[in-house]
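Okay, structure coming up:
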C-alpha cells in the first residue's frame, strides 16, 4: 500500500532499533507516525530517528482531564508531532471529553496533529472529522473507508 500512512505503536521493549532499521531500509520516513505508551520506548526511537519520523504522545488526554488547559499547553511544546488521544477519559466517576475545539485549536497553533482512538462508529467518525481532527485510529477500517468515501476523502482503490 504505497499511498497509505500508518501509525505504529512500540509496545514491547527493544522494538525501537529494529523499527528504525526497517524505516531506513524501506525509506518509510514520511509515511509513519510512531508512538508508545512507554516513555522509554518513544524516547529511544526519537534518539534514533532524530526528528526524521513523526512521533506521537498520548499523555495529553490525561493531562487535560486531570490538570487543565495549562498542562496541555506545556505538553504541546514536546517533541511529539502528533497527539493520539481517546475521545474522552474517565475522571472521578464521569466522562470528560478530551477532543474539543479548544484542544484542536491549541494543537494546530503549535503545528501538532490530533489523532483519536479507537473510533469504530460511523457517526462518531463524522463528528470528529467535522470537528477537525487530523486522524482516526479504528478497528473497523471498513466503516472508516465508507465514511471517507461518503465525504469524498477516500484516495485509495474502491
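Residue numbers (the working numbering): 255 to 412. Glycine is no exception: its CB is placed at the ideal position from the N, C-alpha and C atoms.
Looking at C-alpha atoms only, which residue of the options is the closest neighbour of residue i?
i	options	result
residue 284	303, 271, 266	303
residue 234	334, 349, 395, 375	The displayed coordinates of the chain run from 255 to 412. Any statement about residue 234 would go beyond what the structure contains.
residue 277	290, 262, 407, 268	262
residue 340	378, 411, 274	378
residue 328	389, 346, 353, 357	357
In whole angstroms, what is the alpha-carbon distance linking residue i and residue j?
i	j	result
residue 342	residue 385	14 angstroms
residue 280	residue 307	13 angstroms
residue 387	residue 292	24 angstroms
residue 344	residue 294	25 angstroms
residue 286	residue 349	31 angstroms
residue 365	residue 383	18 angstroms
How would you call residue i, buried or exposed, if buried means at least 16 neighbouring beta carbons within 10 angstroms?
i	result
residue 259	exposed
residue 272	exposed
residue 407	exposed
Is any beta-carbon of chain E found at less than 7 angstroms from that of residue i?
i	result
residue 334	In the structure shown, chain E does not exist; there is a single protein chain.
What is the C-beta distance between residue i and residue j, in whole angstroms, given that I count them as a contact (C-beta under 8 angstroms)?
i	j	result
residue 371	residue 401	Rounded, the Cβ-Cβ distance is 15 angstroms, inconsistent with contact.
residue 296	residue 305	Rounded, the Cβ-Cβ distance is 13 angstroms, inconsistent with contact.
residue 270	residue 299	4 angstroms
residue 374	residue 394	4 angstroms
residue 337	residue 361	6 angstroms
Pull the bridge partners of residue i from the DSSP assignment, please.
i	result
residue 308	287
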